[in-house]
Amino acid sequence: MLRSIQSFVTDESGAVSVDWVVLSAVLVGTGLSVLSTVRGGVSVASVDVAEQLRGQVVQRSFSSDRCQGGVGRVQAQETARAAAAGRDAIRVSSWLEVNAAGQSDAAIVEELDRLRAAVGDGGGLSMDETLLAALECEAVIRGLD
1140 MLRSIQSFVT DESGAVSVDW VVLSAVLVGT GLSVLSTVRG GVSVASVDVA EQLRGQVVQR
1200 SFSSDRCQGG VGRVQAQETA RAAAAGRDAI RVSSWLEVNA AGQSDAAIVE ELDRLRAAVG
1260 DGGGLSMDET LLAALECEAV IRGLD
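Numbering (the working numbering) for the sequence shown: 1140 to 1284.
Here is the structure:
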């Protein structure tokens, strides 16, 4: 009996399996902890990117010519128009938030058609042309144009 116990204590044939189980458990635990740490950072980074991209106009070859340069260019044109007329310029981004944000896509397209008919081939110095350019930027942002 003593010999059996001594043989059992000195036998190392199953030790490798135990080592691999422990090593695998450590690797899985490390992977899970890294994943939980990185997940929060990736989520924050994706929200930051989404906020940066929100409202940006992506110029495509088939998009409106009036929205080249985005809302900033429309604001610069409005400032020049108002200065030439001796009036205060409207804030284009604020106007879009108030007048276009709550409108449906169909309402935006309808208003674009109305303004395009009213403006025709104007010289860029009327309030309707400013509003048309602003709405065309909104249409590009929404993917309507």
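Built from N, CA and C at the ideal position, the CB exists for glycine as well.
Select from S1182, Q1207 and V1165 the residue whose C-alpha is nearest the C-alpha of A1278.
Q1207
What do you reckon, are the CB atoms on L1235 and V1210 nearer than 9 Å?
yes
Nearest CA to the CA of A1224: which residue from A1257, M1266, R1230 and V1148?
M1266
Helix, strand or coil, according to DSSP, for R1230 in the structure here?
coil
Between which two residues does the alpha helix (DSSP H) carrying Q1214 extend?
G1209 to A1224
Helix or strand or just coil, what does DSSP make of M1266?
helix
If you check the beta carbons only, do R1220 and E1268 fall under 9 Å apart?
yes
Taking buried to mean at least 16 other C-beta atoms within 10 Å of its own C-beta, is F1201 buried or exposed?
Because the pLDDT at F1201 is just 48, under 50, the model does not fix this residue reliably, and the value given afterwards should be weighed accordingly. It counts as exposed.
What do you reckon, are the CB atoms on L1283 and V1248 nearer than 9 Å?
yes
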